[in-house]
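Participant: One structure coming up, written as structure tokens, with questions to follow.
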Amino acid sequence: MSAENNQNTLPGQAGSGDKTGLGDLAGVVWQRLYPFVLRITLSHDMTEDILQDTLLAMLCGVESLRNPDRFWPWMYRIAYTKIQDAFRRRRLQTAMQSSFLQDRRCADSDDNPLQSEIREETLQQVAMAVEQLQGQHRDVVRLRCYENLPYNEIASRTRTTPERARIRFHRAKASLRRRLQACCA
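First residue of the sequence shown? That's 888 in our numbering, and the numbers climb one at a time after it.
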């Protein structure tokens, strides 16, 4: 009970400029948001980066927080925004790397422009179909195909067994195949 009361008074202390309260609050925020962010990102490194950004935003804005009762919704909203930004940056980086590799392949080979255009369109259709998969299927496809992780690593990141990860990947491939056939038909 006293730990919960302490968590409720920390935002007020931190907002008033108490450096000890601010440090304690940062520790509490880290512990409380870590599982939330990890469930979405499925990556410890990415989670830690996002939490660092979240804590920095908290430090910059906690003094302007008018209602300490709204602290936790505010923190979750900041964390979720940072997660979206990280995924957006990751997609952009992946697209840029893919484009760079494709440009190099096109420059190295004597592909005609039509084949290059067809390849680019196909990659876009596959990426869109992957994004439309259910959450677990999309996650396992990303981990297996984009990050080239073995099933035991996928299982540990998704908190399941390697066999279950294989089953999910098989079902995700079947669903992806159906989506691609429907879009290309």
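From the three backbone atoms N, C-alpha and C, an ideal C-beta is built for every residue, glycine too.
1. In chain order, what are the residue ranges of uninterrupted beta strand (DSSP E) at least 3 long that sit wholly in the stretch 938 to 982?
2. Between the C-alpha atoms of residue 1019 and residue 911, what's the straight-line distance to the nearest angstrom?
3. Check this for me: beta carbons of residue 966 and residue 941, under 8 Å apart or not?
4. Quick one, are the C-beta atoms of residue 934 and residue 924 less than 8 Å apart?
5. Name the two residues that bound the continuous alpha helix (DSSP H) containing residue 1033.
6. Compare the Cα-Cα distances from residue 1024 to each of 1010, 975, 1045, 1039 and report the closest residue.
7. Considering only the beta carbon of each residue, do residue 1041 and residue 1027 sit closer than 8 Å?
8. List in chain order: all unbroken alpha helix (DSSP H) runs of 4+ residues lying wholly within the stretch 1008 to 1060.
9. In chain order, what residues of the same chain have a beta carbon less than 6 Å from the beta carbon of residue 1053, not counting five sequence neighbours either side?
10. Only counting the same chain, and skipping five residues up and downstream in sequence, which positions put a Cβ closer than 7 Å to that of residue 938?
11. For residue 930, which residues of its own chain have a beta-carbon under 8 Å away from its beta-carbon, when the five flanking residues on both sides are left out?
12. When burial is assigned at 16 or more other CB atoms within 10 Å of the CB, is residue 1001 buried or exposed?
13. Following the continuous alpha helix (DSSP H) through residue 909, name the residue where it begins and the one where it ends.
14. Rounded to whole angstroms, what's the CA-CA distance from residue 913 to residue 976? Just pull it up for me.
Facilitator: Answer, in terms of the structure:
1. none
2. Looking up residue 1019 in the sequence shown gives position 132. Looking up residue 911 in the sequence shown gives position 24. Looking at the two C-alpha atoms, the distance is approximately 41 Å.
3. Here residue 966 corresponds to residue number 79 of the sequence shown, with the count starting at 1. Here residue 941 corresponds to residue number 54 of the sequence shown, with the count starting at 1. Cβ distance < 8 Å, so residue 966 and residue 941 count as in contact.
4. As a working mapping, residue 934 is identified with position 47 in the sequence shown. As a working mapping, residue 924 is identified with position 37 in the sequence shown. Closer than 8 Å, so yes.
5. The sequence position of residue 1033 within the sequence shown is 146, counting from 1. Neither: residue 1033 is in no alpha helix (DSSP H) and is coded neither H nor E.
6. Numbered from 1 along the sequence shown, position 137 holds the residue referred to as residue 1024. Cα-wise, what sits closest to residue 1024 is 1045.
7. Counting from one through the sequence shown, the residue named residue 1041 turns up at place 154. Counting from one through the sequence shown, the residue named residue 1027 turns up at place 140. A contact, by the Cβ cut-off of 8 Å.
8. 1022 to 1028, 1038 to 1045
9. Within the sequence shown, the letter at position 166 stands for residue 1053. Correct list, in chain order: 1038.
10. Start at 1 with the first residue of the sequence shown, and residue 938 comes out as number 51. 917, 920, 921, 924, listed in sequence order.
11. The residue given as residue 930 occupies position 43 in the sequence shown. These residues qualify, in order along the chain: 1044.
12. Counting from 1 along the sequence shown, the entry for residue 1001 is found at position 114. Residue 1001 is exposed by the Cβ-count criterion.
13. Stepping through the sequence shown from its first residue, residue 909 is reached at position 22. Segment 906 to 928, the alpha helix (DSSP H) holding residue 909.
14. Taking the first residue of the sequence shown as 1, we reach residue 913 at position 26. Taking the first residue of the sequence shown as 1, we reach residue 976 at position 89. Cα to Cα, the separation comes out at about 25 Å.
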